[in-house]
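Note that our numbering numbers the sequence shown so that position 13 is 4, with each residue one more than the last.
Beta carbons are placed, not taken as given, at the ideal position from N, Cα and C, and that holds for glycine.
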Amino acid sequence: MEVKNLEPQELWSNFAKLNAVPRASKKEERVIAFMVGFGNDLGLETVTDPIGNVVIKKPATPGMEDRKTVVLQSHLDMVHQKNSDTVFNFDEQGIEMFVDEDWVKAKGTTLGADNGIGVAAIMALLASETIAHPALEAMFTIDEETGMTGAKELDPVNFSGSILLNLDTEEDDELTIGCAGGIDTNTSYQYQQQNVAASSVAFEITIKGLKGGHSGMDIHKGRGNANKLMNRLFYTAVETVNLQLSTINGGSLRNAIPRESAAVVVVSDSEKVVFEEFVKAFTALLQEEYQTVEPGLTVLLAETVLPAQVMVKADFKKILNAVYAMPNGVFRMSPDIEDLVEASSNLARVIVKDGSFITQSLQRSSVESTKTDVSNAIRASFENMGCEVKQAGDYPGWKPNPDSDILRLMTGLYQTAFGKEPKVDACHAGLECGILGGHLPGMDMISFGPTIRGAHSPDERVQISSVQKFWGYLLTILKEIPKNTK
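Structure (structure tokens):
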């Protein structure tokens, strides 16, 4: 069955249309135009604020005019990730989707269910002529995945609603009332190079087959970080051979756990066999350690063209030490909320090329002081070796409000519909609600969505039955929005 024909068809058909539009973060021009055209074609009030967020407003259906106005919010951009052997141009192609039993998946790329399902649900509501709802203000933000620029630069003048439903979480039995803030730490260092001896052999080393995933929602699952594993391999190898580094290209996006890293290294001819045996043994060691969480972990070693230059030994040692010492993964668990990661760090990108060593990492925390603590730990690790460190993109977390009126309403409706209470929690992802609350003081906010797995990776998939559950629940919520007593 084609995705556009799944039930509820009004949602899935819009998801298919949306996924035909390339919509990478910071390249949202086409999807902005798509959404503006969508709103205009419906004859609805449609505006774009100065940063590029799209706002579409729809009056209440007859009999619902006295209800509170609801802001429905999702982000337009998606993470663009693909497997190394997948031939795909994100700038020109739409996502290629298919149905696999109860799941919708993409062919070797990210799916865009994060946050495309939320966008498609809002589109379906805006287009409907039969669904009962109060006045709606649809907020489609840009650049959520690489800096939350749309949320940060939002023009609040376009909104009068008092309830905000963020449709951007990934478990259909959860209501999220808080999230982590974050900060980017980017480092750079100019290293010295030397010529390669003639009696040498070059190898390309590739670590691949890791699951990757969302650097917030999946950070506690113990998955391998390709950049840290590659550094560990080098750190151990220099004790056995005179290893020299030429290049590294590891990871991709700042908010994705890196699945792959590729490097070119050089050893002397006399050490070739010893190095090959070392890599073989080290690979077996890693595969044994990660056999449960990373069954696809692979380390490939292949001879390649000898580079002209390599990094000098002193700089190589500095880099190995700094990357090894850098905290990565869970930094602190919350002492107040069970099973919630409070603070974490993800070494997302490592580049070594032409005399320049660059890293990109993202630190998250639901507590501002521990966000500062973990980002300072990263800064210290790299400043100690002489790196220039720049920290930017700081955004706040969203403080939970357990006394929220919309929370009480939605908890009761969930229990009535599904016979059990939903999980009410905070998440370690960076939702836009913390920032939006600063622009829209007093807004009663909550986040929910269908079940999505593998976000930010080519394994991303969304559960069809869960989307049906989410859609029915959303319609019930809108029908029961209380009257505006002001």
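Hey, quick one: how far does the alpha helix (DSSP H) through residue i stretch, first residue to last?
i, result
"Cys424", "424 to 430"
"Glu359", "359 to 374"
"Val458", "455 to 470"
"Arg399", "396 to 409"
"Met221", "217 to 228"
Terminal residues of the continuous beta strand (DSSP E) containing residue i?
i, result
"Glu1", "Not the beta strand (DSSP E): Glu1 falls in the alpha helix (DSSP H), residues 0 to 10."
"Ala142", "Counting along the chain, Ala142 falls outside any beta strand (DSSP E), though it belongs to the alpha helix (DSSP H) covering 140 to 143."
"Ile196", "191 to 199"
"Val321", "320 to 324"
"His71", "Unbroken run through His71: none, as it is neither H nor E."
"Ala253", "252 to 259"
"Ala51", "Unbroken run through Ala51: none, as it is neither H nor E."
"Lys344", "332 to 344"
"Leu292", "289 to 295"
"Ser347", "347 to 356"
"Ala564", "In the structure as shown, the chain starts at -8 and stops at 477, and residue 564 therefore has no counterpart that could be examined."
"Gln300", "300 to 302"
"Glu36", "36 to 39"
Any idea what DSSP makes of residue i, helix, strand or coil?
i, result
"Leu311", "helix"
"Tyr281", "coil"
"Thr476", "coil"
"Leu116", "helix"
"Glu20", "helix"
"Gly169", "strand"
"His211", "helix"
"Thr274", "helix"
"Met493", "This structure leaves residue 493 out entirely; the chain is present only between -8 and 477."
"Asn106", "helix"
"Val232", "coil"
"Asp435", "strand"
"Asn31", "helix"
"Ala383", "strand"
"Phe79", "coil"
"Pro98", "A small fix is needed here, since residue 98 is Lys in this sequence, not Pro. Correct three-state label for Lys98: coil."
"Glu135", "coil"
"Ala129", "strand"
"Ala247", "strand"
"Ala15", "strand"
"Glu56", "coil"
"Ala417", "strand"
"Val187", "coil"
"Asn157", "strand"
"Asp163", "coil"
"Glu267", "helix"
Are there 16 or more other CB atoms within 10 angstroms of the CB of residue i, so buried, or fewer, so exposed?
i, result
"Thr476", "exposed"
"Gly403", "exposed"
"Gly54", "exposed"
"Ile282", "Position check: residue 282 holds Gln in this sequence, whereas Ile was assumed. When all chains shown are included, Gln282 counts as exposed."
"Asp435", "buried"
"Gln235", "buried"
"Ser456", "exposed"
"Glu19", "buried"
"Ala275", "exposed"
"Phe89", "exposed"
"Asp82", "exposed"
"Met538", "One cannot answer for residue 538 here, as it falls past the ends of the chain, which runs -8 to 477."
"Arg21", "exposed"
"Val332", "buried"
"Pro326", "exposed"
"Thr407", "exposed"
"Asn31", "exposed"
"Lys411", "exposed"
Keeping to the same chain, check which residues put their C-beta closer than 7 Å to that of residue i; ignore five residues upstream and five downstream.
i, result
"Val38", "Val46, Asn149"
"Glu285", "Leu201, Lys202, Arg214, Gly215"
"Lys73", "Phe79, Gly99, Thr100, Pro449"
Excluding five sequence neighbours on each side, which residues of the same chain lie with their C-beta closer than 6 Å to the C-beta of residue i?
i, result
"Pro(-1)", "Trp462"
"Ser395", "Asp435"
"Met26", "Val45, Phe131"
"Ser179", "Ile349, Glu379"
"Lys(-5)", "Trp3, Ser4, Ala7"
Return the chain-ordered list of same chain residues with a C-beta closer than 8 Å to the C-beta of residue i, the five sequence neighbours on each side being excluded.
i, result
"Met221", "Ile196, Ile198, Ile239, Gly241, Ser252, Ala254, Val341"
"Asn246", "Val70, Glu136, Thr137, His205, Ser206, Gly207, Asn337, Ala339, Leu353, Gly421, His447"
Kindly say whether residue i, judged by its beta-carbon, lies nearer than 8 Å to any beta-carbon of chain D.
i, result
"Pro326", "Absent from the structure: chain D. Only one protein chain is present."
(request) Indicate whether the contact test is met: 3 or more Cβ pairs, each with one atom in the stretch 164 to 174 and one in the stretch 414 to 421, closer than 8 Å. (result) yes
(message) Using 8 Å as the cut-off, can you tell me whether the stretch 260 to 274 makes contact with the stretch 141 to 156, which would need three or more C-beta pairs spanning the two stretches below that distance?
(response) no
(request) Answer yes if the stretch 337 to 346 comes into contact with the stretch 378 to 397, meaning at least three C-beta pairs across the two stretches below 8 Å, and no otherwise. (result) no
(request) Would you be able to state if there are at least three C-beta pairs under 8 Å between the stretch 245 to 262 and the stretch 365 to 376? (result) no
(message) Assess contact between the stretch 65 to 80 and the stretch 105 to 114, defined as three or more Cβ pairs (one per stretch) separated by less than 8 Å. Is contact present?
(response) yes
(message) Could you check whether the stretch 295 to 305 touches the stretch 202 to 222, counting it as contact only if at least three pairs of C-beta atoms, one from each stretch, sit closer than 8 Å?
(response) no
(message) With three or more C-beta pairs closer than 8 Å as the rule, is the stretch 421 to 430 touching the stretch 140 to 147?
(response) yes
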